[in-house]
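Numbering (the UniProt record's numbering), first residue to last: 1 to 89.
All C-beta atoms, glycine included, are put in the ideal place defined by N, C-alpha and C.
Just below is one structure, and these are the notes that go with it.
Right under this line is the structure:
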């Protein structure tokens, strides 16, 4: 929390969170989530996004989650793509 609150930006906060002794993967994840929610995906350095494995899948899941939580879940027949991506939905 301190890394997110004291950060000058996304990169500054996440780097501060992961560069300490202790459970740095967890603090980095929490800090990244908080700063991402505050500043949006545009705040994430492009070089980090370019190196992200399975980026297209992560983007799709994030967009679907946003739409579902924003009260815009898909309706039939557009749910077909959701059934393909999330068979248990």
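Non-local beta-carbon contacts of residue 74 in its own chain, meaning distances under 7 Å to residues more than five positions away in sequence, involve 82 in chain order.
Listed in chain order, the alpha helix (DSSP H) runs fully inside the region 14-84 are 24-39, 46-50, 55-69, counting runs of at least 4 residues. DSSP, read as helix, strand or coil, puts residue 7 in coil. For residue 9, the closest of 47, 38, 56 by C-alpha to C-alpha distance is 38. Relative to the Cα of residue 27, the nearest Cα in the group 86, 17, 13, 72 belongs to 17.
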